[in-house]
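Student:
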Amino acid sequence: MPKLSTYQPEVGPTDVAIIGAGINGLAVAREAASRGLSVVLIDQDDIGARTSAISTRLIHGGLKYLERMELNLVFESIRERNILLKHAPHLVHPYPMLIPFSKAQSRPGWMLSCGLLLHDVLSIGKKLPFNRIVFGKRLKEGWPSLVEGGLKWGGLFQDANVPLTERLTIELARDAHERGAVVLTHARVEGLVRGGGRITGVRYRDRVDRELKTVHAKVVINAAGPWVDSVLDLAGAHDRQIGPTKGSHCVVDAFPGAPDTCIFFESPHDARPMFVLPWQGRFMIGTTDLPYDGSLDEITIDADETDYLLSAVNQLIPRAKLTADDVLWSYSGVRPLPYVGELDDPSKVTRDHQIISHDGSDSGLVTIIGGKLTTHRALGEQVADQLQKTLGQRVTRSVTRSADLPGAPDKPLAKYREWFVAQSALPEDVAGRLVDTYGSAASDIAAIVEGDPELARVIDEDSGAIAAEVLYARREEGAHTLEDIVLRRTLIGINKDVGISAAPRVADVLVDAGEWTRAEADEQLERYGEAVRRFAPRVLAAGEAA
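Positions 71 to 616 (my numbering) are the ones given, in order, by the sequence shown.
1. Alpha carbon to alpha carbon, how far is residue 485 from residue 427?
2. Return yes when at least one heavy atom of the ligand MN lies under 7 Å from the C-beta of residue 439, else no.
3. Taking buried to mean at least 16 other C-beta atoms within 10 Å of its own C-beta, is residue 399 buried or exposed?
4. Using 8 Å for Cβ pairs, my map puts residue 278 next to residue 290. What's the rounded Cβ distance?
5. Mind checking residue 332: buried by the 16 CB within 10 Å criterion, or exposed?
6. Unbroken alpha helix (DSSP H) runs of length 4 or more, entirely within the stretch 201-244: which are they?
7. Specify whether the stretch 465-481 and the stretch 108-123 touch according to this definition: at least 3 beta carbon pairs, one from each stretch, less than 8 Å apart.
8. Just list the residues that DSSP pairs residue 283 with in beta bridges.
9. Is the stretch 253-267 touching the stretch 189-203 in the sense that three or more CB pairs, one from each, lie closer than 8 Å?
10. Just how far apart, CA to CA, sit residue 570 and residue 205?
11. Do you know offhand how far residue 463's Cα is from residue 259's?
12. Would you list the one or two residues that DSSP bridges to residue 535?
13. Does the separation of the CB atoms of residue 101 and residue 451 fall below 8 Å?
14. Fully enclosed by the stretch 336-413, which alpha helix (DSSP H) runs are 4 residues long or longer?
15. For the putative contact between residue 387 and residue 176, defined by C-beta atoms under 8 Å, what is the C-beta separation to the nearest angstrom?
16. In terms of alpha-carbon separation, which member of 236, 349, 140 lies closest to residue 167?
17. Grouping DSSP H, G and I as helix and E and B as strand, with all else coil, what is residue 189?
18. Decide if residue 594 is buried, meaning its Cβ has at least 16 other Cβ atoms within 10 Å, or exposed.
19. Which residue marks the beginning of the alpha helix (DSSP H) containing residue 304, and which one marks its end?
20. Just to check my reading of the structure: residue 553 and residue 601 have Cβ atoms closer than 8 Å, yes? What is that Cβ distance to the nearest angstrom?
21. Here's a check: name, in chain order, each residue in its chain whose Cβ is nearer than 7 Å to the Cβ of residue 362, leaving out the five neighbours to either side.
22. Please state if the CB of residue 230 and the CB of residue 274 are separated by a distance shorter than 8 Å.
23. Bridge partners for residue 195 per DSSP, in chain order?
Following this line, the structure appears as structure tokens:
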């Protein structure tokens with residue numbers, strides 16, 4: 071796989087400077103670089119560290135857009151879901167979900183049934199099974215706890231998910247880098263450069279020497295997500311573009327009546343869409359959708375949101391009896407939706423993206439609003455088309471429609487996993503975890519162990535992560551901080567305590583390898599402890615209570 075360095079090079083004049091290494095910025099960087107444009111991608115944090123890391127982790131076929139007859143979004147979602155299933159099979163998986171039909175919900179069962187049928191018609195050639203209606207014996211066998219709660223029938227919608235969203239963003243960055251893009255993380259943009267009556271670049275704070283540096287660019291892309299308006303503030307007075315809404319999820323262990331498949335249902339409180347999602351041996355419950363005007367730097371769930379989520383599940387599955395004490399941790403963030411003024415129901419704001427080419431003294435600046443995990447590649451393609459036109463180039467064909475992501479194996483995933491586990495000297499569970507997390511890059515991590523068998527030691531019993539993964543994250547995937555490694559490279563941070571117990575062992579690996587001094591490791595550990603407070607982990611609350 072292509073290597074992402076922790077070294078930050080000096081950057082000369084470039085075609086495109088992109089602010090924001092979330093899913094939008096990554097998609098644009100990958101697509102633009104694939105067409106031969108010189109690209110610099112800059113983020114104040116890490117790759118996919120904020121908004122892209124707080125999603126419901128679905129790669130959805132646009133079922134909810136049918137109701138609003140946004141057929142363009144439905145077709146785009148279906149196409150992009152198929153592309154991801156084919157070219158990122160190690161990351162994106164089929165993920166069926168049951169949609170309960172009941173008289174209490176706002177949409178009658180017959181309407182939902184027709185929607186599932188129509189979606190199948192629009193999905194001709196899809197890579198997933200057909201949707202189906204479920205009732206009677208089949209419903210009782212598959213979802214007995216919902217039947218106990220009074221459910222008579224429902225629909226089984228065939229969709230997809232990306233359980234390790236963080237790995238998707240890392241692989242997009244690696245692919246963009248392999249295609250020529252420069253990726254600068256932990257580098258805050260502090261100004262826009264002007265020349266000749268237009269915007270001609272950005273000024274950013276280098277993370278190593280903290281110097282203010284300049285990148286001259288023919289076009290600057292503002293893909294800062296919830297921070298879009300903050301970037302526009304650097305250009306001067308402007309109309310507000312982002313009207314963020316807050317979304318929160320709770321993570322719990324398996325509970326009485328927990329389903330084997332995802333449940334996509336209506337909240338009994340306000341009829342908005344909700345999910346109970348099996349995820350990495352646990353369950354996610356989400357999500358809220360609330361207008362938000364608070365700080366974008368530290369967003370946490372509140373008690374009302376927790377009660378809203380858990381009480382909805384308890385009504386759906388009476389056996390669950392979930393309480394706030396069952397929440398292992400939670401995650402919250404904001405959706406960078408377009409600003410529409412006062413709105414009673416934030417869920418009605420369009421989820422389609424917008425691409426704004428500024429004019430006048432702000433020409434040379436392009437702002438992206440909205441965007442989704444599912445259709446990120448399509449957004450990148452549209453922006454790259456526009457970039458080539460702006461730069462006076464012929465618009466070339468997108469190669470990302472048929473390009474594998476770096477970790478995609480050269481054989482069906484199940485066969486690759488079986489082969490890797492069989493030939494690996496690592497224990498079966500460790501070898502399996504490597505494939506499940508890194509795809510074909512599992513071989514690169516196994517090679518590190520061959521060079522030093524001591525690095526095969528497990529450093530987190532919950533996830534099964536080994537020491538070699540830490541060095542791989544640091545040396546091959548551009549991880550700069552402990553948070554980068556634990557939360558976004560190794561995914562140790564999605565264990566029961568968001569990586570708190572494993573973090574000291576991760577730091578020890580880097581000290582032993584000469585990557586950090588003991589003082590640097592201690593500083594990183596302190597910063598990590600502060601960073602994960604935003605997840606409200608139960609283990610921290612218990613410790614503070616004691």
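The beta carbon of each residue, even a glycine, is placed where N, CA and C say it ideally should be.
Tutor: Let me spell this out:
1. Locating residue 485 in the sequence shown gives position 415, counting from the first residue. Locating residue 427 in the sequence shown gives position 357, counting from the first residue. Using only the alpha carbons, I get a separation of about 46 Å.
2. Annotation note on the ligand MN: not contained in the displayed structure, which lists no ligands.
3. Start at 1 with the first residue of the sequence shown, and residue 399 comes out as number 329. So residue 399 ends up on the buried side.
4. The sequence position of residue 278 within the sequence shown is 208, counting from 1. The sequence position of residue 290 within the sequence shown is 220, counting from 1. At roughly 23 Å, the Cβ-Cβ gap does not stay under 8 Å, so residue 278 and residue 290 are not in contact.
5. In the sequence shown, residue 332 corresponds to position 262, counting from 1. Buried is the call here.
6. 206-212, 214-218
7. no
8. Along the sequence shown, read from residue 1 onward, the residue named residue 283 stands at position 213. Answer is 274, bridged to residue 283.
9. no
10. Taking the sequence shown and counting its residues from 1, the one referred to as residue 570 is at position 500. Taking the sequence shown and counting its residues from 1, the one referred to as residue 205 is at position 135. If I take the Cα positions, the gap works out to 44 Å.
11. Against the sequence shown, residue 463 aligns to sequence position 393. Against the sequence shown, residue 259 aligns to sequence position 189. Near 28 Å, if we compare the C-alpha coordinates of residue 259 and residue 463.
12. For the purposes of this step, residue 535 is taken as residue 465 along the sequence shown, with counting starting at 1. Partner(s): 530.
13. The residue given as residue 101 occupies position 31 in the sequence shown. The residue given as residue 451 occupies position 381 in the sequence shown. Taking 8 Å as the Cβ cut-off, residue 101 and residue 451 qualify as a contacting pair.
14. 373-386
15. Start at 1 with the first residue of the sequence shown, and residue 387 comes out as number 317. Start at 1 with the first residue of the sequence shown, and residue 176 comes out as number 106. Their Cβ separation, rounded to whole angstroms, is 20 Å, which puts residue 387 and residue 176 out of contact at 8 Å.
16. The count along the sequence shown starts at 1 and reaches residue 167 at position 97. When only C-alpha atoms are compared, the closest one is 349.
17. Position 119 of the sequence shown, counted from the start, is the residue given in the question as residue 189. Residue 189: helix per DSSP, three-state reduction.
18. Counting from 1 along the sequence shown, the entry for residue 594 is found at position 524. Residue 594 is buried by the Cβ-count criterion.
19. If you number the sequence shown from 1, residue 304 lands on position 234. Note, residue 304: alpha helix (DSSP H), 298-305.
20. In the sequence shown, counting from the first residue as 1, residue 553 sits at position 483. In the sequence shown, counting from the first residue as 1, residue 601 sits at position 531. Indeed they touch by this definition, with Cβ atoms about 5 Å apart.
21. Residue 362 sits at position 292 when you count from the first residue of the sequence shown. Hits under 7 Å: 314, 315, 316, 404.
22. As a first step, residue 274 is located in the sequence shown; it is residue number 204 there, counting from the start. As a first step, residue 230 is located in the sequence shown; it is residue number 160 there, counting from the start. Taking 8 Å as the Cβ cut-off, residue 274 and residue 230 do not qualify as a contacting pair.
23. On the sequence shown, residue 195 is found 125 positions in, with the first residue counted as 1. Residue 195 pairs with nothing; no bridge assigned.
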